[in-house]
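**Q**
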């Protein structure tokens, strides 16, 4: 599933607010840290913005200590290595797992938080990247299945031999919690960047939308600019983390939970835009796994979000809710197809 990759930003904040009149009338606060294996930056405006960011940093560090799949002291690690016995976890962890399991069910398993052992076999969690033998993948797939995870209140049971990894939803969930902290301190304008996850509160201090650069997959630079306010924007793509074998075959880090192999379905990137970071995070991975046709069908059936699908045919499929907010950079050759509800 999507991993936390440092310095591989799928999204970039394009606009600089330095010197504008609106900003000068507001108190600006900025913070940054490396957490959840990615570089995070925060800019907030308001009388209590710095206190809000300080509280947010403390929250993020605590959440990482709960959800890390590699930290032996984390709740997730302990649950994964508890011999199939129940473990009492914090409410934050229980809420995140409940959401991950709900999204796994809604996406028909395209998002599966139990694919971690297969991901490890490919070396994406250890940097020892390789193509595993078919028989090894087949064996490891027997330990994949979100429906076998048991969660009753805050009692979590991960069956022996299985491993839970919340990397495909953790940053989005974290961004939502940070947004709540900032809002509780009266912050009405802010931008949160958690690697490839961007979440904005309100609009820019001058009243205009935030301008988000959408990275061109497998290239340097941006594909175009998306203008949003009060929204989360999350992108998944194979270019974020991949390796190439001696024959020139490329393998990306997003695995199909049904086959155990990297996704290769004609999609280069998926961007999800919505009100909740957790939903955008989950769907950016799940719809990438599904492919363009099934992703469009999912959007038509469920709604509640907008999306941009970038295909290997140089086509951009964009939903009508954001079509007029996206501007393709000059000189780009992609064609745009608007999906109407």
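Numbering (the numbering used here), first residue to last: 237 to 577.
Cβ coordinates follow ideal geometry from the N, Cα and C atoms, glycine included.
Residue 543 and residue 531: beta carbons closer than 8 Å?
**A** Stepping through the chain shown from its first residue, residue 543 is reached at position 307. Stepping through the chain shown from its first residue, residue 531 is reached at position 295. Contact annotation: residue 543 and residue 531 have beta-carbon atoms nearer than 8 Å.
**Q** My output table needs one value for residue 328: the three-state DSSP class, helix, strand or coil.
**A** The residue given as residue 328 occupies position 92 in the chain shown. Helix at residue 328.
**Q** When burial is assigned at 16 or more other CB atoms within 10 Å of the CB, is residue 406 buried or exposed?
**A** Within the chain shown, numbered from 1, the residue matching residue 406 stands at position 170. Residue 406 should be labelled buried.
**Q** What are the boundary residues of the alpha helix (DSSP H) that residue 303 is part of?
**A** Position 67 of the chain shown holds residue 303. Counting along the chain, residue 303 sits inside the alpha helix (DSSP H) bounded by residues 285-303.
**Q** Could you please give the first and the last residue of the uninterrupted alpha helix (DSSP H) stretch that includes residue 528?
**A** The residue labelled residue 528 in the question sits at position 292 within the chain shown. That run of the alpha helix (DSSP H) goes 528-538.
**Q** According to DSSP, is residue 522 helix, strand or coil?
**A** Against the chain shown, residue 522 aligns to sequence position 286. For residue 522, the secondary structure class from DSSP, reduced to helix, strand or coil, is helix.
**Q** Of all the options 429, 320, 282, which has the alpha carbon lying nearest to the alpha carbon of residue 385?
**A** For this step, residue 385 is matched to residue 149 along the chain shown. Residue 320 is the option with its Cα nearest to residue 385.
**Q** Here's the rule I'm using: 16 or more other beta-carbon atoms within 10 Å means buried, otherwise exposed. How should residue 242 be labelled?
**A** The residue given as residue 242 occupies position 6 in the chain shown. Bear in mind that a pLDDT of 33 at residue 242, under 50, signals an unreliable position, so the model cannot answer this.
**Q** Using C-beta distances below 7 Å, list every residue in its chain close to residue 284, excluding the 5 sequence neighbours before and after it, in chain order.
**A** Walking along the chain shown from the start, residue 284 turns up at place 48. The residues are 421, 422.
**Q** Mapping the DSSP letters down to three states, classify residue 313 as helix, strand or coil.
**A** Sequence index remark: in the chain shown, residue 313 carries index 77 (1-based). It is helical.
**Q** With distance defined between alpha-carbon atoms, name the residue in 413, 358, 345 nearest to residue 479.
**A** Along the chain shown, one-based indexing puts residue 479 at 243. It is 358.
**Q** Spatial neighbours of residue 558 within its chain, please: C-beta separation below 6 Å, excluding the five flanking residues on both sides.
**A** Against the chain shown, residue 558 aligns to sequence position 322. So the qualifying residues of the chain are 509, 542.
**Q** Smallest Cα separation from residue 485: which of 300, 333, 467, 365?
**A** In the chain shown, the residue the question calls residue 485 occupies position 249. Ranking 300, 333, 467, 365 by Cα distance to residue 485 puts 365 first.
**Q** Considering only residues of the same chain and omitting the five flanking positions on each side of residue 428, which have a CB-CB separation below 6 Å?
**A** Within the chain shown, the letter at position 192 stands for residue 428. Here the set comprises 278, 411, 414, 435.
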